[in-house]
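Residue numbers (the numbering used here), protein chains in the order written: chain A, 62 to 416; chain B, 62 to 416.
Virtual Cβ for every residue (Gly too), placed ideally from N, Cα, C.
Predicted model, so just to flag it, every value in this text is computed and none were measured.
Since the structure comes first, as structure tokens, the remarks are kept for the end.
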DNA sequence: TAACACGATGGTACCGGTACCATTCTGGTA
DNA sequence: TACCAGAATGGTACCGGTACCATCGTGTTA
């Protein structure tokens, strides 16, 4: 804290005492008002709702603002109005390019709408999510965006009590709190299974990592398995690794699969990192894709379009999801009733050379 | 704003009037104090500095806090203490995995240190950077992190006037404001030039995109060129594209280079996205790397280790840079004098199969 | 035993905005 | 001309914390 100035005031007994100011040294709305010769509230109006202030005063106020380099103290404003322009965005991971695009989409729309993005990362930890949300709610946000539909009971209750607009993203389903936008991961698994079947693959497997944590990958597996079984084809194997997904692991996995399940015709990888790794690893190991084994992934990362063979995958509209979530929030903040509380953002099967 | 309760108070003339409350409906420190039977300030102490409050009171206060679901209003606290726990992090792009790792490193350390991360994106626009910083300074942050050493004069003045701790990241050099952590991009170019020379390449080129905007790529080019010329070898060509760097463009670029400069022996790409794209594109086009032309990049993205041939590149410690920036900030906030205001985070030449 | 340092607790005045209501001034209408 | 609606401006009391200082009780020291 900086001590800027002393001033002499009269205390209750009428004696002059010197008291230190506590302010931060920044120009305040009072300084601007004094300089422009108007009341503080008029400055507030000129800045927040210029139409209601006469052009004359507005000019004097603007001049004073720029002369003093006045930047409004947002905490004071938020305190007085019991709301701020901040929007927490809570994601489970920052190790993953997937969430980057969601963040980018949300950030762009929020900035456009005059909101600031507070970024939180739970590392796939439900307890941490709750702590984080509690901390961030202390900033009286105007809305919140949170990844996933599975939260601790405490988190859900907290958000409901809080009562502001909230969008749950990534998954399609009934929102726990307010609104949701995402895609059905079971449907993804379904679509991929049907694609495999249409290609004539009958001996198929699934490879994933930490499915308990990344439960959306588990949903894709469920959908995949169900559709296969419905067609009378059993899922040959599910291979799980207990490390983070990355390209290196995909290369390892494709070799493991070929060694352990040599008759496998096609593998659905939990995500594109693994699938791209599988293609690159197969290339080195002399495994021919899709002739020896076909490979597909999920996400639609651009790198998949540039490996040989090009990766068959399911494209998730991540940027659009982030944008949409922010748009739903802003609409709600503007007081519009949402057209729909639950929105299926969809996905697209991209069939390329790897299947 | 929610209106929660009415209360009857006496106005100055002693008449009872009914006035609406303006608060947000949340429990306040006053509610907690009343319930615990202590003064407000004691609640404040119990939460912020528990050691100074007797165990008895602390217990009663904690009980009241959890019964009421009390979450402190951070705006009120920040207003009163003229500082907040927020730290803006301003990056030039969110389209790029590079900044994601910086963000992740900073976020992890800041969260550990009890700070919240406010994310800003300038899209490589200096004017936008200034606006963004002004907005974010309105939140009385406790420190700031900003990418780059090139800012508008207005931004620099604003930050200096503000006076809080600030770390400029990505580049090694004299900080404009306070502290800086990064690496020398000229040195990167130098090192790569010497590597090319040591391999015996004499006809070499550089490929980049939007170098005026991504001026750090320009610095790598300068360093590259200077070291070549010092060795009496001229830079054969510089090829520029006016679109964003991505893998697809790299594939395009390697074909263009081979067509336009058929005798080229080696190309230094401005970043790994381009270089990886070049390797993958060359594979498709039947260009042999490194036999027909050698390829190198910059960043050390993990995908470079999995393409064939593996990419020779320069690894930038992005995660560590984010962490370090946050650590320098936190140290300064704790009142420690920084060991060094300018820190060279270094880089590492990773020689692999592509050169 | 008196003086005193120190730990625990409380009282009060802020921090810098905005909500709400009052007041003043203007032009149009009866 | 008196009345009134509505626009422009101002006065005041908050919002919910914390800084600063005062007070009180207790154990230690002279």
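{"Item": "Output needed for residue 337/A: all residues of its chain with C-beta closer than 8 Å, excluding positions within five of it in sequence on either side, in chain order.", "Value": "308, 311, 358, 362, 364, 365, 368 and 372"}
{"Item": "Please confirm whether residue 407/B and residue 162/B have their CB atoms less than 8 Å apart.", "Value": "no"}
{"Item": "What residues from chain A crowd round residue 312/B, counting only those whose CB sits closer than 9 Å?", "Value": "367"}
{"Item": "How would you label residue 232/B, buried or exposed, when you count the other beta carbons within 10 angstroms and need 16 or more for buried?", "Value": "buried"}
{"Item": "Less than 8 Å between the CB atoms is what I'm expecting for residue 230/B and residue 206/B, so what's the real figure, rounded?", "Value": "6 Å"}
{"Item": "I'd like the list of long-range same chain contacts for residue 375/B, defined as Cβ closer than 6 Å, with 5 residues on each side in sequence excluded.", "Value": "249, 359, 408 and 410"}
{"Item": "How far does the alpha helix (DSSP H) with residue 116/B in it reach, from first residue to last?", "Value": "116-129"}
{"Item": "Using a Cβ-Cβ distance under 8 Å, would residue 251/B count as near chain A?", "Value": "no"}
{"Item": "Between which two residues does the alpha helix (DSSP H) harbouring residue 279/B extend?", "Value": "276-291"}
{"Item": "Could you give the DSSP three-state label for residue 219/A: helix, strand or coil?", "Value": "helix"}
{"Item": "Excluding sequence positions up to five away, which residues of its chain have a Cβ less than 8 Å from the Cβ of residue 133/A?", "Value": "90 and 108"}
{"Item": "Considering just the uninterrupted stretch of the alpha helix (DSSP H) at residue 248/B, what are its terminal residues?", "Value": "246-259"}
{"Item": "Excluding the five sequence neighbours on either side, which residues of its own chain have a C-beta within less than 7 Å of the C-beta of residue 193/A, listed in chain order?", "Value": "151, 181 and 183"}
{"Item": "In the structure shown, what three-state DSSP assignment does residue 353/B receive?", "Value": "coil"}
{"Item": "Excluding the 5 residues preceding and the 5 following residue 141/B in the sequence, name in chain order all residues of the same chain whose CB lies nearer than 6 Å to its CB.", "Value": "none"}
{"Item": "Does any residue of chain B bring its CB to less than 8 Å from the CB of residue 177/A?", "Value": "yes"}
{"Item": "In terms of alpha-carbon separation, which member of 284/B, 110/B and 103/B lies closest to residue 118/B?", "Value": "103/B"}
{"Item": "So residue 195/B contacts chain A; which residues on that side make the cut at Cβ distance below 7 Å?", "Value": "132"}
{"Item": "Spatial neighbours of residue 405/B within its chain, please: CB distance less than 6 Å, with the 5 preceding and 5 following residues excluded, ordered by chain position.", "Value": "233"}
{"Item": "Measuring alpha carbon to alpha carbon, tell me which residue in 333/A, 290/A, 321/A and 173/A is nearest residue 391/A.", "Value": "173/A"}
{"Item": "Based on DSSP bridge pairs, tell me the residues matched to residue 147/A.", "Value": "177/A"}
{"Item": "Applying the 10 Å Cβ sphere with the 16-neighbour rule, what's the burial state of residue 73/A?", "Value": "Summary for residue 73/A: the model assigns pLDDT 34, below 50, so the residue's position carries little reliability; its value from the coordinates is reported in the next sentence. Classification of residue 73/A: exposed, given that the 10 Å Cβ count is below 16."}
{"Item": "Could you give the distance in angstroms between the alpha-carbon of residue 71/B and the alpha-carbon of residue 112/A?", "Value": "Residue placement at residue 71/B cannot be trusted, given a pLDDT of 35 that sits under 50; what the coordinates show is reported in the next sentence. Roughly 36 Å separates the two Cα atoms."}
{"Item": "Is it the case that the Cβ atoms of residue 325/B and residue 381/B are separated by a distance below 8 Å?", "Value": "no"}
{"Item": "In chain order, what residues of the same chain have a beta carbon less than 6 Å from the beta carbon of residue 300/B, not counting five sequence neighbours either side?", "Value": "268"}
{"Item": "Among 298/A, 99/A, 332/A and 257/A, which has the Cα closest to the Cα of residue 281/A?", "Value": "332/A"}
{"Item": "By Cβ distance below 8 Å, which residues in the same chain neighbour residue 412/A in space, the five residues on each side in sequence not counted?", "Value": "256 and 373"}
{"Item": "List the residues of chain A whose Cβ lies closer than 7 Å to the Cβ of residue 364/B, in chain order.", "Value": "308 and 364"}
{"Item": "So residue 223/A and residue 147/A are in contact, right, with Cβ under 8 Å, and what is the actual spacing, rounded?", "Value": "In fact, because the Cβ distance is near 13 Å, the residues do not count as touching under 8 Å."}
{"Item": "Step through the CB atoms of chain B and report whether any lies within less than 8 Å of the CB of residue 237/A.", "Value": "no"}
{"Item": "Quick check: is the beta carbon of residue 128/B nearer than 8 Å to any beta carbon in chain A?", "Value": "no"}
{"Item": "So, helix, strand or coil for residue 339/A, using DSSP?", "Value": "helix"}
{"Item": "Residue 161/B touches chain A at which residues, Cβ-Cβ below 9 Å?", "Value": "155, 156, 157, 158, 160, 161 and 164"}
{"Item": "Helix, strand or coil, according to DSSP, for residue 366/A in the structure here?", "Value": "helix"}
{"Item": "By the three-class DSSP mapping on this structure, what secondary structure does residue 401/B have?", "Value": "coil"}
{"Item": "Under 8 Å between C-beta atoms, does residue 221/B make it to chain A?", "Value": "no"}
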